[in-house]
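Just so you know, the protein sequences line up as chains A and B, in that order.
Numbered by this note's numbering, the letters in the first sequence go through residues 3 to 600 in order.
Numbered by this note's numbering, the letters in the second sequence go through residues 2 to 368 in order.
Backbone N, C-alpha and C fix where the C-beta goes; we use that ideal spot for every residue, glycine too.
A quick note: this is a predicted structure, and the numbers were derived from the prediction, not measured.
Here the structure is laid out as structure tokens; the discussion comes afterwards.
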Amino acid sequence: MENIRNFSIIAHIDHGKSTLADRLIEITGVVEPRQFKDQILDNLDIERERGITIKSQAITLPYRARDGKEYLLNLIDTPGHVDFSYEVSRALAACEGVLLVIDATQGVQAQTLANLYLALEHDLAIIPIINKIDLPSADIPRVLNQIEVELGLNPKDHLACSAKEGIGIEAILEAIVERIPPPKGDKNAPLAALIFDAQYDSFRGTVIHCRVFDGEVATGDLIRLIHSDAVYKVEEVGRFGLTRIRRDTLSAGEVGYIIAGIKNISDVQTGDTITHEERPCSAPLAGFREAKPVVFASIYPIASDDYEDLAQALEKYKLNDAAFVYEKDSSVALGQGFRCGFLGLLHLEVVQERLEREYGLSIILSVPSVKYRFTLRDGTVVMVDNPAHYPNPAHIVKAEEPFIRAQMIMPDKYLGAVMKLCQEKRGENSHLHYPSPGRVELTYEMPLSEVIFDFYDRFKSGTQGYGSFDYELIDYRESNLVLLDILVNGEKVDALSQIVHRDRARERGLLACERLQEEIPRQLFKIAIQAAIGSEIIARTTINPYRKDVTAKCYGGDITRKRKLLEKQKKGKKRMKMIGEVHIPQSAFLAVLKSDHE
Amino acid sequence: MSEAGLYIHIPFCARKCPYCHFYSITNLELMGPFIEGLVREMEMYRGAFPPFSTIYVGGGSPSLLPLPFIETMLNGVFRFFSLTRNPEVTVEVNPADGDRTWFKALAQLGVNRLIIGVQSFDDGDLAFLGRRHRAEDAVVAVKNAQEAGFVNIGIDLIYGLPQQSIEVWEDNLKQVINLAIPHVSCYELTLEEGTPLDERAKRGELNLPDEEMKWQFFQATDGFFSEHGFIHYEVSNFARDDAFYSRHNLHYWQRVPYLGLGPSAHSFDGHHRWWNTSSLTRYLRKTEKGVKPIEGKEEITREDAIFEEIFLGLRTRDGVNKELVRHSPLLESLLQEGYLIVDHNRLRPTPKGLALADRLAVIICPN
Chain A
3 MENIRNFSII
13 AHIDHGKSTL
23 ADRLIEITGV
33 VEPRQFKDQI
43 LDNLDIERER
53 GITIKSQAIT
63 LPYRARDGKE
73 YLLNLIDTPG
83 HVDFSYEVSR
93 ALAACEGVLL
103 VIDATQGVQA
113 QTLANLYLAL
123 EHDLAIIPII
133 NKIDLPSADI
143 PRVLNQIEVE
153 LGLNPKDHLA
163 CSAKEGIGIE
173 AILEAIVERI
183 PPPKGDKNAP
193 LAALIFDAQY
203 DSFRGTVIHC
213 RVFDGEVATG
223 DLIRLIHSDA
233 VYKVEEVGRF
243 GLTRIRRDTL
253 SAGEVGYIIA
263 GIKNISDVQT
273 GDTITHEERP
283 CSAPLAGFRE
293 AKPVVFASIY
303 PIASDDYEDL
313 AQALEKYKLN
323 DAAFVYEKDS
333 SVALGQGFRC
343 GFLGLLHLEV
353 VQERLEREYG
363 LSIILSVPSV
373 KYRFTLRDGT
383 VVMVDNPAHY
393 PNPAHIVKAE
403 EPFIRAQMIM
413 PDKYLGAVMK
423 LCQEKRGENS
433 HLHYPSPGRV
443 ELTYEMPLSE
453 VIFDFYDRFK
463 SGTQGYGSFD
473 YELIDYRESN
483 LVLLDILVNG
493 EKVDALSQIV
503 HRDRARERGL
513 LACERLQEEI
523 PRQLFKIAIQ
533 AAIGSEIIAR
543 TTINPYRKDV
553 TAKCYGGDIT
563 RKRKLLEKQK
573 KGKKRMKMIG
583 EVHIPQSAFL
593 AVLKSDHE
Chain B
2 MSEAGLYIHI
12 PFCARKCPYC
22 HFYSITNLEL
32 MGPFIEGLVR
42 EMEMYRGAFP
52 PFSTIYVGGG
62 SPSLLPLPFI
72 ETMLNGVFRF
82 FSLTRNPEVT
92 VEVNPADGDR
102 TWFKALAQLG
112 VNRLIIGVQS
122 FDDGDLAFLG
132 RRHRAEDAVV
142 AVKNAQEAGF
152 VNIGIDLIYG
162 LPQQSIEVWE
172 DNLKQVINLA
182 IPHVSCYELT
192 LEEGTPLDER
202 AKRGELNLPD
212 EEMKWQFFQA
222 TDGFFSEHGF
232 IHYEVSNFAR
242 DDAFYSRHNL
252 HYWQRVPYLG
262 LGPSAHSFDG
272 HHRWWNTSSL
282 TRYLRKTEKG
292 VKPIEGKEEI
302 TREDAIFEEI
312 FLGLRTRDGV
322 NKELVRHSPL
332 LESLLQEGYL
342 IVDHNRLRPT
352 PKGLALADRL
362 AVIICPN
């Protein structure tokens, strides 16, 4: 165990986290330079494009240090968004230290700080790394000052490098060995291993990524997943190279994988503890949270012929995303589809993008909803996460919505802006706490529905990105809820219905009407777009019809060109949904569910 | 009886107008070689088409052609192709070119219809459009043509110029009546990709009318001519009575086969459409070798054909066969809104429908 180091790299976006990871991988010889593809750890297209990591990844780097000893450095990459903050916390829980990367030209930025807070919460050793020192605009003295003043770290602890040019990488490896403590644990104690991720392999089933804290696991062992309460026989264990490297055992302190004939990735929960069936550990590792979907929306194919393709795509997608749940659903306006549960809005966007990109599907999403609770006159209690199932208002005696406790950490100068935002979002019971000078921790209780829409984006801009935000569900509280419908030329578009607080209804209704007005192309008829609560119209917009759309000339030489042009418009029309006589493009559905402040 | 149309493209202009995207060059020395190439091209299509009932000489500026060249060209047509009885033979004329002797000679060669590129009867508009003639020239050209014995005369006009008012536009239309012209094409100014005018528009230099204003022009034009007893028989075309319809252009809209000769000309045999090279040099090289100067070709599928029938038909007052369009609540609404009417088993666009012919086609096409 003395020769193992478990660490993660954390950084503000574009400060060079992935490049540094690549350099460490390269220099330790895991990959031949000629096999090298930039940014090995960000596997998904979406991850590269958005510059965020969605899935955790891990790799073991063998390293012979200057002290002459061989070390195994386990690099665990972490996701970068609040929707996945729980996954981040589990990945960090598997580490003893982090490399905090700071761009020498940009200095300390928002996420530098937010990430530092996270690492501090996990009591990790922190090595500040100043990257991009090769750039002419690098300003190392300024960054050193920031490390001291803004991060409260000792600037003498820093290392400087250029990941791109491969400068200073050796020193970083040495620092990992010297300054990150080796894992503690007892190889002879009962097995306790933390699941920090899982991936699906079409040949082997679910591959668990875990960190062993105590004990040892070997092929053939009977293991128990404590929270899932399931027992499996281990088929293979090993550690991560660029591919999986099979080994006989995984012992205390090590990071690696377990394959145990688990068919569905959803049978494995991040944060769960693995122990032996025969000789279990006395208690599960701390910090487990069930990854429950909190945002629900329906997915429909634009062309109803694509329903089967969508069903297959969801089935495949689900194999690699344990947090995603779905079931059949149907809409009057949009036909057959699926009701899906997500961890948050980003998760929803990721799923939507991957379905479109990787499976070539054009889909429409309904307005996302949280799960509401209604007590009816006859005493029954119903949970509703789909506006289509909104109970008859005359039967409702009590309506409740889920509340969360939001925990926000930020430099204190942003406190005013954040408190204003929280109040606007119907926040209550605030608490303030100063963990260190200049840094404030704020908690608020808020309706989840207010948080899922655009809270995170506005929080980030309100703190100029310097704040960190996390939340947990606490309880249900009584709320004045109404069902808001959207009508296009008098026809209700059920996918656009939403359950909202009465005080929010007019604003939300008008916003939806305006978004639709912008996105629905003009047609041959006047289109009325209305927002209504029951039979009461609370907002409306109209789209005027086309007046002139014809080319002046169409003679012998124009016909082919003209046909091709109109053919394109015809195709575009096919990609729209017909609601009554109105063609509604996919973008209109998406626009309605976009946040309010863009 | 099967018939076809013949189009001949004359790729020469004295100068290029900034709004025009048709192929032409200003080096007039190539006229002689061009006429030779043209006659060779005719020979290559001998017997390939049914008798021609219309011949249309367009461009470019056909009126730049000296008479002997026109004679050689028309003789070629008579020699290599058969014609129906009483073919319509049209030549496009620039108002700057039309003197009485030239018109008389044209008539003697068998030309029986003239299209005069007036564009506007306002000198300011003409300057903006970069035309080489003045309003007065247009009036003289029309009168000369009439004195030379031409009855079937059409003029082209353009509306929707920057800052143009409906009143100024209507002054143009009044001239049509004053000069007793039986056919007129009223084109909305169109920005064609790559033209100098398009460049100016992209730089934001032009204050062009918005869609509502364009509709006002369209409506005013339709109203004016219906008041004067003209028939609005196609989106941009009006005639005093059906005897003055452009028979040649009707071929295009009714999907009658046509042969296009000369650089950039398109042809259609009912199942294929092909087009010639848009380069006179290449055209001459190919025709000299006895090779057809074709640059591209496409096969028209059954589906394409139906779509063409719909979008071309909807440009005309004659409309489309009702059987081509599936009956639907949407169609019902289009009828109710007054975009279309049903008449003799045809769906005919109203003037309001003509203004939206392209959009209607996209909407009612069954596939």
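- A straight-line Cα-Cα distance of about 27 Å links A:A13 and A:L287.
- B:M32 is the residue among B:M32, B:S334, B:Y57, B:Q220 whose C-alpha sits nearest the C-alpha of B:P69.
- With fewer than 16 other beta carbons inside 10 angstroms of its own, B:F79 counts as exposed.
- With respect to the C-alpha of B:V140, the residue from B:K215, B:N95, B:L75, B:Y188 having the closest C-alpha is B:N95.
- By the beta-carbon neighbour count (other beta carbons within 10 angstroms, threshold 16), B:K144 is exposed.
- Distance between A:A507 and A:V484, taken at the CA atoms: about 8 Å.
- For B:L110, the closest alpha carbon among the candidates B:R101, B:N87, B:N76 is that of B:N76.
- Within the segment 550 to 576 of chain A, the residues whose Cβ lies closer than 8 Å to some Cβ of chain B are K550, D551, V552, T553, A554, K555, C556, Y557, G558, G559, I561, T562, K564, R565, L568, E569, Q571, K572, K575, listed in chain order.
- In the three-state reduction of the DSSP assignment, B:T73 falls in the helix class, which pools H, G and I.
- For the pair A:E256 and A:R213, the CB atoms are nearer than the 9 Å cut-off.
- Take A:H435, set aside five residues on each side of it, and the residues of its chain with a beta-carbon closer than 6 Å to its own are E443, in chain order.
- Counting along the chain, no alpha helix (DSSP H) covers A:F9; the unbroken beta strand (DSSP E) around it starts and ends at 6 to 13.
- In the DSSP annotation of this structure, the continuous segment of the beta strand (DSSP E) that includes A:K579 starts and ends at 578 to 581.
- Rounded to whole angstroms, A:V236 and A:I225 show a C-alpha spacing of 7 Å.
- By the Cβ-count criterion, A:N482 is exposed, with fewer than 16 other Cβ atoms from all chains shown falling within 10 Å of its own Cβ.
- Under the 9 Å criterion on CB atoms, A:L526 is classed as interfacial with respect to chain B.
- Residue pairing by DSSP places A:Q532 opposite A:L489, A:R542 in a beta bridge.
- When the Cα atoms are used, A:K71 and A:D79 turn out to be separated by approximately 25 Å.
- For B:E338, the closest of B:N346, B:G354, B:H22 by C-alpha to C-alpha distance is B:G354.
- Here A:A408 is not near A:E360, since their CB atoms are 9 Å or more apart.
- Taken in chain order, the members of the segment 236 to 252 of chain B whose beta-carbon sits within less than 7 Å of a beta-carbon on chain A are V236, S237, N250.
- Only those residues of the segment 333 to 351 of chain B whose C-beta falls short of 7 Å from the nearest C-beta of chain A are listed: S334, L335, E338, Y340.
- When Cβ-Cβ separations below 9 Å define contact, B:I71 makes no contact with chain A.
- Nearest in C-alpha terms to A:G289, of all of A:A194, A:G207, A:A95, is A:A95.
- Neighbours of A:E521 across chain B, judged by C-beta separation under 8 Å, do not exist; the nearest C-beta is about 18 Å away.
- Among the residues of chain A, none has a CB under 8 Å from the CB of B:C21; the nearest is roughly 11 Å distant.
- Bounds of any alpha helix (DSSP H) do not take in A:M3, whose DSSP letter is neither H nor E.
- Taking CB atoms only, A:E583 has a neighbour in chain B less than 9 Å away.
- Just measuring C-alpha positions, the residue of B:H233, B:L29, B:G6, B:R303 sitting nearest B:K17 is B:L29.
- Counting only Cβ-Cβ distances below 8 Å, B:Y46 has no contacts in chain A at all, with the closest Cβ about 15 Å away.
- Against chain A, the CB of B:I295 has no partner CB under 9 Å away; the residue lies outside that interface.
- About 6 Å separates the CB atoms of B:I301 and B:H273; that is less than 8 Å, so the two are in contact.
- Pairing A:I535 with A:V490 gives a Cβ-Cβ distance that is not under 9 Å.
- A:F527 and A:N546 have their C-alpha atoms spaced approximately 7 Å apart.
- Around the beta carbon of A:Q59, a 10 Å sphere encloses 16 or more other beta carbons of the protein chains shown; the residue is thus reported as buried.
- Residue environment: A:F205 is assigned as exposed (fewer than 16 neighbouring CB atoms within 10 Å of its CB, all protein chains considered).
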